[in-house]
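Engineer:
Protein chains: 2
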Amino acid sequence: MTAVNPRVASLLYEVAPGTQVDVSGWVRSRRDSKGGFSFIELNDGSCMSNLQIIVDADVPNYEDSIKDVTTGASVRVTGELKESPGAKQRVEMQAKTLEVLGTADAESYPLQKKRHSFEFLREIAHLRPRTNTFGAIARVRNCVCRAIHDFFQERGFLNVQTPIITTSDCEGAGEMFTVTTLPPSTDGKPVDYTQDFFGKHASLTVSGQLEGEIYATAVGPIYTFGPTFRAENSHTTRHLAEFWMVEPEVPFCDLDGNMQLAEDFIKTIVRRCLDECAEDMQFFNDRIDKTVLETMNNILEHEFKRISYTEAVELILNSGKEWEYPVSWGSNLQAEHEKWLTEEHFKQPIIVFDYPRSIKPFYMYCNEDGKTVRAMDVLVPGVGEIIGGSQREHRLDVLEARFQECGLDPEEYWWYLDLRRYGSVPHAGFGLGLERMILLLTGMQNIRDVIPFPRTPNNAEF
Amino acid sequence: MTAVNPRVASLLYEVAPGTQVDVSGWVRSRRDSKGGFSFIELNDGSCMSNLQIIVDADVPNYEDSIKDVTTGASVRVTGELKESPGAKQRVEMQAKTLEVLGTADAESYPLQKKRHSFEFLREIAHLRPRTNTFGAIARVRNCVCRAIHDFFQERGFLNVQTPIITTSDCEGAGEMFTVTTLPPSTDGKPVDYTQDFFGKHASLTVSGQLEGEIYATAVGPIYTFGPTFRAENSHTTRHLAEFWMVEPEVPFCDLDGNMQLAEDFIKTIVRRCLDECAEDMQFFNDRIDKTVLETMNNILEHEFKRISYTEAVELILNSGKEWEYPVSWGSNLQAEHEKWLTEEHFKQPIIVFDYPRSIKPFYMYCNEDGKTVRAMDVLVPGVGEIIGGSQREHRLDVLEARFQECGLDPEEYWWYLDLRRYGSVPHAGFGLGLERMILLLTGMQNIRDVIPFPRTPNNAEF
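Protein chains in written order, with our numbering: chain W, 18 to 479; chain D, 18 to 479.
(1) Any C-beta of chain W sitting closer than 8 Å to the C-beta of A155/D?
(2) Could you tell me which chain D residues have their CB closer than 9 Å to the CB of G216/W, listed as they occur along the chain?
(3) Assign W340/D to one of three DSSP states: helix, strand, or coil.
(4) Can you check DSSP and say which residues form a bridge with P244/W?
(5) So is K418/D buried or exposed if we call it buried at 16+ other beta carbons inside 10 Å?
(6) What's the C-alpha gap between T19/D and A142/W?
(7) Report yes or no: is there a C-beta of chain W within less than 8 Å of the C-beta of H256/D?
(8) What's the gap between the Cα of L138/W and the Cα of R412/D?
(9) Does the count of Cβ pairs from the stretch 189 to 199 of chain D and the stretch 228 to 244 of chain W closer than 8 Å reach three?
(10) For A352/D, which option in V223/D, V395/D, T234/D, T327/D has the closest C-alpha, if you only look at C-alpha atoms?
(11) Give me the chain D residues within the contact set of S224/W, using Cβ-Cβ distance strictly less than 7 Å, ordered along the chain.
(12) Run through DSSP, which three-state label would I498/W get?
(13) Does D213/W come out as helix, strand or coil in the three-state DSSP assignment?
(14) Kindly say whether Q178/W, judged by its beta-carbon, lies nearer than 8 Å to any beta-carbon of chain D.
(15) If you draw a straight line from the alpha carbon of G450/W to that of V263/W, how long is it in whole angstroms?
(16) I want to see whether chain W comes within less than 8 Å of M18/D, judged by CB atoms only; does it?
(17) Just to make sure I have the definition right: I need the residues of chain D whose C-beta is within less than 7 Å of the C-beta of P366/W. Which are they?
(18) By DSSP, does K105/D sit in helix, in strand, or in coil?
(19) Between which two residues does the beta strand (DSSP E) harbouring S50/D extend?
(20) Where does G460/D land, buried or exposed, given buried means 16+ other C-beta within 10 angstroms?
(21) Identify, in the order they occur along the chain, each residue of the same chain with its Cβ nearer than 8 Å to the Cβ of R472/W, setting aside the five sequence neighbours on each side.
(22) Using only CA atoms, which one of E280/W, I324/W, S345/W, Y326/W lies nearest to L334/W?
(23) What does R147/D touch in chain W if you count any residue whose Cβ is under 9 Å from its own?
(24) To the nearest angstrom, report how far apart A90/D and R145/D are at their CA atoms.
(25) To which residues does DSSP link D394/D through a beta bridge?
(26) Nearest by alpha-carbon distance to G42/W: which of K113/D, K131/D, Q212/D, C270/D is it?
(27) May I ask which residues mark the beginning and end of the beta strand (DSSP E) holding F54/D?
(28) With a threshold of 7 Å on Cβ separation, who are the neighbours of V21/W within its own chain once the five nearest residues in sequence on each side are excluded?
(29) How many angstroms separate the CA atom of L68/D from the CA atom of Q299/D?
(30) Would you call the stretch 386 to 405 of chain D and the stretch 367 to 377 of chain D in contact, with 3 or more CB pairs under 8 Å?
(31) Going by C-alpha to C-alpha distance, which of H362/D, T183/D, T253/D sits closest to T245/D?
(32) Between V21/W and chain D, is there a C-beta pair that is closer than 8 Å?
(33) Going residue by residue through the stretch 256 to 317 of chain W, where are the continuous beta strand (DSSP E) segments of at least 3 residues, counting only ones entirely within it?
(34) How close, in whole Å, do the beta carbons of V38/W and L29/W come, if the pair is a contact with beta carbons under 8 Å?
(35) What are the start and end residues of the alpha helix (DSSP H) that includes V72/W?
(36) Just by C-beta distance, which residues in the stretch 236 to 251 of chain D are closer than 7 Å to chain W?
Pasting the structure below:
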């Protein structure tokens with residue numbers, strides 16, 4: 018056996034009819050013809066389509082083997098690839114040998130050929146990648162990951178691994194999990210973390226940005242791509258306790274450059290998925306959300322409209338709409354406002370920039386107006402905020418004043434301040450949540466369905 | 018400012034003399050000539066070499082600016098790229114404007130132009146990527162990461178993100194960190210984990226293999242590439258509490274296919290680094306370990322010798338050598354044995370396979386001899402074990418017997434057993450520790466120096 022067998026995708030779309038082939042995979046369905054032969058629909062995850070295999074009764078051990086060829090069973094088949102008489106597919110396969118590698122009992126196998134609810138499939142997350150929807154999500158997710166790496170590598174960014182376990186706190190990003198080798202207890206007594214593994218209180222990171230800035234101000238543009246964590250007791254369809262985030266950081270870059278990078282980035286990912294996962298994207302458009310392809314084209318066709326937070330607030334105030342959360346200058350934009358801006362007012366992706374400094378973290382560049390910081394959010398129709406970023410405050414004196422304003426202890430950030438003390442440069446960066454991007458691309462509604470093994474309150478099974 | 022400025026590497030090796038350029042970076046050194054002009058050695062992390070910039074006294078504000086052009090300062094320079102009169106480099110730059118972006122006080126900046134010990138640099142991990150050695154490590158690390166993704170993507174493997182927080186335990190792989198939102202305490206009272214965030218005891222993963230098998234037996238070959246953790250109180254130069262691991266998993270693949278994949282994988286990474294990081298690899302050979310390039314060529318030139326564990330033990334027993342740890346069939350091979358096999362006996366990389374089942378985990382395929390399992394270790398001269406892997410036990414009855422033999426509760430692994438219950442297929446995979454690979458490539462001696470921010474007992478700073 019070779020490490021990589023020929024795959025169904027290449028048999029369906031590349032290999033010439035007449036070729037002798039050897040294929041392995043899982044049975045999606047079998048039907049027996051009265052003429053004494055059977056059709057197998059075989060899938061191996063390389064694409065959504067199945068390879069149709071005709072197994073005549075004269076294949077050795079036909080009678081013995083075919084009864085085990087049930088939905089979910091694994092088989093190895095050798096035979097000849099032939100032009101298909103049907104219009105549906107280019108080729109089919111005529112079996113010469115058939116071997117059942119692993120059976121799947123028709124009574125107990127949970128994935129019989131019918132529609133299952135996503136809620137049910139979440140309980141069998143070890144089997145759901147064998148379904149059409151979750152196979153397609155796995156392929157799109159892979160395509161996005163590949164596009165992320167290619168995008169940055171082609172532009173000379175270095176991939177840097179920032180730490181997962183951290184003793185610092187990227188302020189305001191959210192609640193953190195404790196990492197410990199001490200036995201937890203619920204008696205509420207004070208804890209002596211000096212006895213713990215790291216000699217102090219350690220947590221799971223909420224962002225690699227601050228460490229990313231270290232590398233960006235040493236080796237040039239970098240990106241991190243790894244898991245991040247939030248210990249929030251959140252039960253929405255948009256939040257996970259563990260998710261993947263990509264965070265580029267670029268020296269000698271201001272907010273304009275950052276906005277351009279973010280726009281190019283989103284468009285590149287969308288284009289790659291449309292090109293390389295065409296069959297899967299069509300499936301999502303047909304079966305999950307009929308607006309997916311329209312949304313993708315909207316993203317590709319428009320230059321992202323850039324408006325300041327102040328302009329955005331004015332538009333919302335002048336909209337004549339009734340809002341659940343009224344807006345005034347200085348308040349956060351809510352999902353309803355972002356939705357109206359992208360879906361009703363502009364009808365395209367927008368970038369909102371220059372937010373009030375009072376609602377943004379310490380590390381963002383303070384504008385001369387004394388009221389705003391160089392923050393930006395990329396908002397797209399369908400999912401709302403997809404990217405958040407900023408130009409960073411690189412002026413030592415301004416940053417020190419901001420620490421005081423935010424009530425933070427500069428001692429805790431001694432190394433972050435050192436970056437401003439020695440050879441400081443203007444720099445900027447942003448964060449994209451991988452799962453939010455997959456939601457956008459697939460039209461899936463629940464973030465638990467676009468990550469292989471979701472972690473949410475009371476759920477870390479598998 | 019654009020998101021990506023022209024980089025020093027492209028100016029040095031690609032851009033034509035005569036071109037007007039605009040470059041930003043950090044000053045490695047400056048020297049002033051008596052003729053009233055200065056030389057700046059500028060680095061921006063894109064390569065090890067510096068761009069030499071000549072700043073004449075007639076550059077605007079020369080007197081004011083040049084005094085701040087000290088080691089570590091950041092500058093932006095515009096001017097003309099010119100052929101270099103010296104033999105050392107193709108081009109140099111003649112400055113027309115010079116702007117100091119950020120100063121670096123010569124008294125206090127820790128990285129003055131001299132050699133610093135790696136121990137000292139570990140204490141300023143936020144500045145060490147600005148040195149030659151750590152800049153080179155960052156570039157080689159990036160090259161390896163890129164090669165890993167390309168290697169698997171070109172072969173049709175999907176990149177899958179397995180969970181970091183887990184409630185299962187990849188048996189025997191090592192001590193685990195607890196992840197909790199409960200306050201830890203040291204009073205030793207029993208803990209009610211049902212009150213914790215996930216409703217049960219949760220840990221940081223030691224391997225994504227078991228979850229990787231889920232995807233490999235659904236969508237075809239996959240690889241994971243992410244952080245893994247060991248809560249071992251280990252203070253060696255080879256162990257980290259947090260490190261990155263790549264783990265491919267391949268369906269319809271046996272141990273032979275697995276060994277071939279591992280060999281191709283190592284060779285591809287080595288070749289990519291030699292090709293794409295030639296300057297950095299030469300630096301490691303010149304300054305860190307004079308055998309690095311020889312070791313790399315040894316890896317590329319040899320077919321990895323495959324010998325069984327039983328043969329390896331016989332060779333060691335017949336070597337006539339005195340060992341600190343005597344070997345007998347059934348015992349683990351120690352570093353001294355592996356070193357002798359690769360460096361003295363075979364003088365090339367080897368793969369040892371078919372280890373005693375008593376010293377290997379439950380998931381490895383049991384051979385017919387009743388004594389061994391289809392495990393493999395790839396051993397290379399210089400660093401010893403670089404890859405460990407196995408064909409997995411895919412036969413339900415054999416696996417269930419192994420659970421009993423190992424004293425494991427099959428209930429805890431219900432979903433892992435389901436993979437054998439429904440459409441089970443032969444499959445295999447391995448794990449490569451990213452940092453071990455970087456040690457091999459760079460000749461660096463301490464694993465804390467090849468990861469950006471090392472986590473070890475009592476150390477999670479930055």
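Where a beta carbon is used, it is the ideal one built from N, C-alpha and C, also for glycine.
All of these numbers come straight from a predicted model, not from anything done at the bench.
Structural biologist: Walking through what the data contain:
(1) yes
(2) P474, N475, N476, A477
(3) coil
(4) W261/W
(5) It should be noted that the sequence gives Ala, not Lys, for residue 418/D. A418/D is exposed by the Cβ-count criterion.
(6) Residue placement at T19/D cannot be trusted, given a pLDDT of 41 that sits under 50; the coordinates are not used to answer.
(7) no
(8) 25 Å
(9) no
(10) V395/D
(11) Near S224/W there are no residues of chain D at all, since even the closest Cβ is about 14 Å away, more than 7 Å.
(12) This structure leaves residue 498/W out entirely; chain W is present only between 18 and 479.
(13) coil
(14) yes
(15) 7 Å
(16) In this prediction, M18/D scores a pLDDT of 43, lower than 50, which makes its location untrustworthy; the coordinate-derived value is nonetheless stated afterwards. With 8 Å as the cut-off, M18/D counts as an interface residue toward chain W.
(17) Neighbours of P366/W on chain D: none; closest Cβ ~18 Å, over 7 Å.
(18) coil
(19) 37 to 50
(20) buried
(21) L257, A258, E259
(22) S345/W
(23) T234, A235, V236, Y439, G440
(24) 15 Å
(25) V369/D, G405/D
(26) C270/D
(27) 54 to 60
(28) At V21/W the pLDDT is 46, less than 50, meaning the model places this residue with poor confidence; the figure from the coordinates comes in the next sentence. Correct list: empty, nothing qualifies.
(29) 19 Å
(30) yes
(31) T183/D
(32) Confidence at V21/W is low in this model, with a pLDDT of 46, below 50, so its placement is unreliable and the value that follows should be read with caution. Answer yes: the Cβ-Cβ gap between V21/W and chain D drops below 8 Å somewhere.
(33) 259 to 268
(34) Actually they are not in contact, since the Cβ atoms of V38/W and L29/W sit about 11 Å apart, beyond 8 Å.
(35) Careful: V72/W lies outside any alpha helix (DSSP H), inside the beta strand (DSSP E) at 68 to 73.
(36) V236, G237, P238, G243, P244, A248
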